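Chains as they are written, first to last, in the numbering used here: chain A, 34 to 344; chain B, 2 to 265; chain C, 45 to 285. Beta carbons are placed, not taken as given, at the ideal position from N, Cα and C, and that holds for glycine. Remember, it's a predicted structure, so these values are computed and weren't measured experimentally. Okay, so here's the structure we're looking at.
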Amino acid sequence: MRVILSLLLRAAVVLAGTALATFTLLWHAPGDPALAIALARFRSVVPDAVIEQVRVEAGFDAGFWPAFLSWLGPILLGDFGQSSVTGRDVWPELVTAMSYTFPLALSGLAIGVALSIPLALLATRHPGGWLDRFAVALASIGVAIPQFWLGLLLILLFAVQLGWLPAMGARTPTHLILPALTLGLTVSASLTRILRSGILEARGRPFLPAFRRRGVSEAHLTRNHIAPHAAIPVVTVFGLELAFLLEGVVMVEVIFARPGLGIFLVGAIEARDFPKVQAVVILAALLFVTVNLLIDLLYQVIDPRIGDRDA
Amino acid sequence: MRSVIVLAGVFVALAVCGPLVAPHDPTAINIAQRLSPPGPDWILGTDALGRDILSRLLHGARWSLGLAFLISVIGLCMGTLMGLLAAQGGKLADWIVMRTTDTFLAFPDLVAAVVIAGVLGAGTGSLIFALTVTGWMRYARVVRGIGLSLQTRGYVVQAKLAGLSPLAIARWHYLPALMPSLTVVWTGMFARAILGISALGFLGFGVQPPMPEWGTMLLDARIHMRSTPLQMIWPGLAVVICVLAINLAGDALRDRLAGQEEQA
Amino acid sequence: MLTVDGISVARGRTDVLRDISFTLAPGRTLAVVGESGAGKSTLIAAVLGLVALSKGDITWMNRPVRHCRPALVMQEPRSAFNPALTLHRSVMEPLRAGRLPGDPVRLTRLCDGLELLPDLLERRPSEVSIGQAQRIGILRALIATPPLVLFDEPLSALDAVTQKHTARLIADLQREEGFAALIVTHDLGYAAAYADEIAVLQAGQIAEMGPAQDFVTSPKTAYGLTLREAAFALGALEHVA
Ligand SMILES: Nc1ncnc2c1ncn2[C@@H]1O[C@H](COP(=O)(O)OP(=O)(O)OP(=O)(O)O)[C@@H](O)[C@H]1O
Ligand SMILES: [Mg+2]
Chain A
34 MRVILSLLLR AAVVLAGTAL ATFTLLWHAP GDPALAIALA RFRSVVPDAV IEQVRVEAGF
94 DAGFWPAFLS WLGPILLGDF GQSSVTGRDV WPELVTAMSY TFPLALSGLA IGVALSIPLA
154 LLATRHPGGW LDRFAVALAS IGVAIPQFWL GLLLILLFAV QLGWLPAMGA RTPTHLILPA
214 LTLGLTVSAS LTRILRSGIL EARGRPFLPA FRRRGVSEAH LTRNHIAPHA AIPVVTVFGL
274 ELAFLLEGVV MVEVIFARPG LGIFLVGAIE ARDFPKVQAV VILAALLFVT VNLLIDLLYQ
334 VIDPRIGDRD A
Chain B
2 MRSVIVLAGV FVALAVCGPL VAPHDPTAIN IAQRLSPPGP DWILGTDALG RDILSRLLHG
62 ARWSLGLAFL ISVIGLCMGT LMGLLAAQGG KLADWIVMRT TDTFLAFPDL VAAVVIAGVL
122 GAGTGSLIFA LTVTGWMRYA RVVRGIGLSL QTRGYVVQAK LAGLSPLAIA RWHYLPALMP
182 SLTVVWTGMF ARAILGISAL GFLGFGVQPP MPEWGTMLLD ARIHMRSTPL QMIWPGLAVV
242 ICVLAINLAG DALRDRLAGQ EEQA
Chain C
45 MLTVDGISVA RGRTDVLRDI SFTLAPGRTL AVVGESGAGK STLIAAVLGL VALSKGDITW
105 MNRPVRHCRP ALVMQEPRSA FNPALTLHRS VMEPLRAGRL PGDPVRLTRL CDGLELLPDL
165 LERRPSEVSI GQAQRIGILR ALIATPPLVL FDEPLSALDA VTQKHTARLI ADLQREEGFA
225 ALIVTHDLGY AAAYADEIAV LQAGQIAEMG PAQDFVTSPK TAYGLTLREA AFALGALEHV
285 A
C-alpha cells in the first residue's frame with residue numbers, strides 16, 4: 034500500500050514537472066506571446082494598446098509564477114483552449130488527429146510484435162548459430178536506420194518504382210500499409226534485441242542446470258521458469274516501446290503526410306501555435322506517466338520484491 | 002574500451018579531415034549542372050542546386066558527427082554531475098534529481114527535442130540545447146546507481162575517514178569505477194544524437210541550409226525522389242553506417258564488461 | 045579520550061547493539077572479543093559514525109569522532125583498497141587528504157616492521173595475498189599518525205610468527221605515539237597480552253568488561269570463563285600465565 038501511494042505521488046510530481054518544463058519553454062520562446070495571441074485574434078496589424086490588453090488578460094504581465102498558475106488552471110480542468118492561429122478549439126482537432134494516429138501506432142506495434150517474437154524464439158533456439166547471427170545483424174541494422182529514411186526508401190520502392198501502394202495522405206485503408214510497415218519494422222528491430230537477450234538471460238540462470246540434471250522437461254522449464262523471468266524485461270520494454278512508437282509516429286506521419294498527432298505537432302510548432310503544442314505535450318506526458326504507473330503496479334504483481342525501481 | 006576509443010578517433014578524424022579531402026566546395030551552386038548523375042566530375046552526382054553530393058557528405062560529417070560528439074559529451078558531463086549529486090548529496094538532493102530525471106524520461110526524448118528545438122526557433126544553438134537537455138538522464142541513472150553501491154565500499158569508506166574531499170573522492174574512486182558503464186551509455190547516446198540531429202534536420206528544425214547536414218540533405222533530396230532517387234540514398238546510408246558502427250562497438254564493450262563482472 | 049555513552053544501534057527491527065558504554069584514553073588499548081555476529085564490527089562502524097545510532101552518543105575529546113581523523117583496519121583487507129589504483133596510492137591517501145608531508149624513514153620502518161617489501165606497494169590489490177593486504181591495511185591506517193585507530197581482526201590472516209611481529213610493531217608504535225587503540229579480535233591470547241582492558245560482547249551487549257589481568261585470572265561471567273578455558277586449551281594463554 035505504501036509503495037502504491039509513493040508511486041502515485043511520484044506520478045503526480047512528474048506530471049507537475051512536465052507542466053512546469055513546458056511552460057518554462059513557452060515562456061522563454063523567442064517572440065512576444067501576447068503579440069502572437071493578439072495577431073491570431075484580430076488577424077491584422079494590431080495597435081500596441083491591444084497587445085498590452087491581451088498581455089494583462091492572459092496574466093503575462095504578472096511575472097512567471099502567477100502566469101504559470103493562470104496557465105495551469107484551465108488545463109487542470111481539461112480545457113486546452115483555442116488555437117492561437119485559427120481561434121478554433123484545440124480539443125476537437127486533437128481528437129481528429131488521434132483518430133489517425135492510434136490505428137497507425139497499433140498496427141505498427143502489431144507488426145513489430147508479430148515479427149519480433151518468432152524471430153527472437155528462432156534465434157535463441159541455437160544461440161550463436163547462423164539464424165541467431167542473422168537475426169542479430171538484422172536487428173542491429175534495424176535500430177540504426179532512421180525511421181524517416183526507412184519510410185522514404187519504402188516510398189521509393191513500393192510507391193514510386195513499383196507503384197503498388199499509395200504513399201501520401203490517409204484517404205483509404207491501403208494508405209495505412211506503408212506507414213505501418215515503416216513503424217513495425219523499426220519496432221520489431223528493437224523488440225527482437227530486447228526479447229532475445231531477455232530469453233537468453235532467463236535461460237542462463239544458475240539453477241536451471243540443476244533442474245535439468247534432475248530430469249525436468251524443457252517444456253516445463255520454459256513454461257514455469259523461463260517465461261515468467263523473461264516477462265519482467267518485457268513489461269519494462271513495453272514502456273520503452275511506447276516512447277519509441279510515439280517518436281516513430283511523429284516522423285512517419287510527416288513522411289507520409291498522414292494528418293495525425295505528428296503532423297499536428299510539427300505543424301503547430303512551425304506556425305508557432307503554442308496552445309496546440311502544449312496540448313500535445315501534456316496529453317503525451319499524461320499517457321506516459323499513466324503507462325509507467327501501470328508498469329510499476331504490474332511489477333508489484335509479478336514480483337513484490339521490486340519495491341522501487343530506483344533502489 | 003579500446004575499440005570504442007578507436008572508433009571515436011576515426012569519427013573525429015572523419016569530421017576533421019572529411020572537409021579537407023572533399024573535391025568541391027559543398028555550398029558552391031552550379032545551376033547548369035543540377036541533378037547530374039554520378040560521373041567522373043561528380044562521383045555521387047549533384048543535387049538540385051548543382052552542388053557536389055560527395056563533398057556535401059564529407060562536410061556533413063563535421064555537422065552530423067561533430068555535433069553528435071559534442072552533444073553526447075555535454076550530456077555525459079551533465080548526467081554524471083547530476084548522478085553524483087544524487088548519490089552523494091543526501092536524501093533531498095537525491096529525491097529532487099531523481100524526480101527531475103523521471104520528468105525528463107517521461108517523454109520520448111526525440112519528441113521532446115523536436116518541441117524544444119522548434120519552439121526555440123530553428124538553428125544549431127537550439128538543436129544542441131534540445132538534444133542535450135533531453136540526453137543526460139541515462140547517464141544520471143547509471144551514475145547514481147553505481148554511486149550508491151560505491152558508498153559502502155571499503156575503499157570509499159576509508160577515503161571518507163581519511164578526510165578526502167568529495168571532489169577528490171569523485172575523481173579517484175568514483176570515476177574509475179564509473180568509466181566502463183559510462184562509456185557504454187555514451188556509445189548509445191552518441192548514436193542517438195546522430196539520429197536526433199538527422200531527424201531534426203529533416204524536419205527543418207536543425208542545422209540550417211546551406212550547411213550540409215545529412216538530415217537536411219535528405220530533406221532536399223526527398224523532393225527529387227522521382228528523378229534522382231540515388232541522391233536520397235547516400236546521406237541515409239552515412240547515418241546508418243555511423244550509428245551501426247557505434248552500436249556494435251558499444252555492444253562489444255558491454256559484453257566484455259559483463260564477462261569481466263562474471264569472472265570477478 | 046573516546047567516550048561511548050549508552051549507545052544502541054538498530055538494524056532492521058532488531059537492536060544489534062544495546063546500551064554500550066565505555067571510555068578509551070589515548071595510549072590505551074581496549075580489546076573487544078565475542079562470538080561471530082555479536083556486533084563487534086557494528087561497534088566499530090558506530091564509533092566511526094558509519095551507522096546511525098538509535099540512542100546514545102559517541103565523542104572524541106567532546107567532539108564528533110570523525111573530526112580527529114580516526115583510522116580503520118578493515119576486517120576484509122582487500123576491500124579497503126581501490127582495485128583500480130596501486131596500493132601505494134591508497135596507502136598515501138591519508139597523507140594526501142590531510143596535506144601532511146610523508147616521512148620516508150617512518151614509511152621504511154613500518155614496511156620493515158610489517159615485513160612488506162617496498163615493491164609490493166606498486167601492485168594492485170588483486171595482486172597481493174590476503175595476509176599481505178591485511179598488513180598493508182595496517183600500514184595505511186598508521187601512516188598519518190592518527191590519534192585513534194580501530195582494528196577489526198587485524199591479524200586474522202597472518203601466520204603465527206608474522207602475527208607476533210605485527211602485534212609487537214603496533215604496541216611499539218602505540219607506546220611512542222600514544223594513539224588509542226580499539227582492537228576487535230577472536231584471539232584471546234593476543235587480547236590478554238597486549239590490551240589494557242578487555243570487553244566481551246555478547247548478542248549486542250557488553251557481558252563483561254575489565255582490566256585484562258583480572259579478566260584472565262578471574263572471569264566474572266560464564267561466557268568469559270568458557271572463552272578463557274577455550275583459550276587455555278589452545279595454549280594461547282601460556283605466554284601470559
Ligand atoms: N547491513 C546489515 N543489515 C542487517 N543486519 C546486519 C548488517 N550487518 C550486520 N548485521 C547483523 O548485525 C549483527 C552484528 O554483525 P557484526 O558484523 O557486527 O558482527 P561481528 O561481531 O563483527 O561478527 P564477525 O566476528 O563474524 O565479524 C549480526 O547479527 C548481523 O547479522
Ligand atoms: Mg566483524
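Contact test: residue i Cβ vs ligand 1 heavy atom, cutoff 7 angstroms
i                      : result
residue 128 of chain A : no
residue 229 of chain C : no
residue 244 of chain C : no
residue 55 of chain C  : yes
residue 60 of chain C  : yes
residue 85 of chain C  : yes
residue 155 of chain B : no
residue 80 of chain C  : yes
CB of residue i within 8 angstroms of CB of residue j, strictly
i                      : j                      : result
residue 311 of chain A : residue 36 of chain A  : no
residue 240 of chain B : residue 179 of chain A : yes
residue 78 of chain C  : residue 222 of chain C : no
residue 285 of chain A : residue 298 of chain A : no
residue 278 of chain A : residue 141 of chain A : yes
residue 281 of chain A : residue 133 of chain A : no
residue 236 of chain B : residue 258 of chain B : no
residue 189 of chain B : residue 138 of chain B : no
residue 244 of chain B : residue 198 of chain B : no
residue 183 of chain A : residue 230 of chain B : no
residue 122 of chain B : residue 63 of chain A  : yes
residue 158 of chain C : residue 182 of chain C : yes
residue 128 of chain B : residue 287 of chain A : no
residue 317 of chain A : residue 134 of chain B : no
residue 95 of chain C  : residue 102 of chain C : no
residue 246 of chain C : residue 82 of chain C  : yes
For residue i, the first and last residue of its enclosing beta strand (DSSP E)
i                      : result
residue 52 of chain C  : 46-55
residue 75 of chain C  : 73-77
residue 67 of chain C  : 58-68
residue 117 of chain C : 115-117
Which residues DSSP lists as bridging residue i, in chain order
i                      : result
residue 254 of chain C : C:242
residue 224 of chain C : C:192
residue 47 of chain B  : B:53
residue 147 of chain C : Answer is none; residue 147 of chain C lacks a bridge partner.
residue 179 of chain C : Answer by DSSP bridge pairing: none, since residue 179 of chain C is not bridged.
residue 107 of chain C : C:104
Supposed close pair residue i, residue j - CB separation, criterion 8 angstroms
i                      : j                      : result
residue 178 of chain B : residue 321 of chain A : Rounded, the Cβ-Cβ distance is 32 angstroms, inconsistent with contact.
residue 213 of chain B : residue 96 of chain B  : That pair is no contact at about 45 angstroms.
residue 302 of chain A : residue 120 of chain B : 6 angstroms
Residue i beta carbon near ligand 2 (any heavy atom closer than 7 angstroms)
i                      : result
residue 178 of chain C : no
residue 119 of chain C : yes
residue 99 of chain C  : no
residue 329 of chain A : no
residue 196 of chain C : yes
Residue range of the unbroken alpha helix (DSSP H) whose run includes residue i
i                      : result
residue 110 of chain B : 110-121
residue 104 of chain C : First-last for residue 104 of chain C: 99-104, but that is the beta strand (DSSP E), not the alpha helix (DSSP H).
residue 229 of chain C : Note, residue 229 of chain C: premise wrong, no alpha helix (DSSP H); not H, not E.
residue 125 of chain C : First-last for residue 125 of chain C: undefined, no H or E at that position.
residue 186 of chain A : 180-187
residue 95 of chain B  : 91-106
residue 196 of chain A : From DSSP, residue 196 of chain A is part of no alpha helix (DSSP H); its letter is neither H nor E.
residue 97 of chain A  : 97-109
residue 91 of chain C  : 84-91
residue 218 of chain B : 215-224
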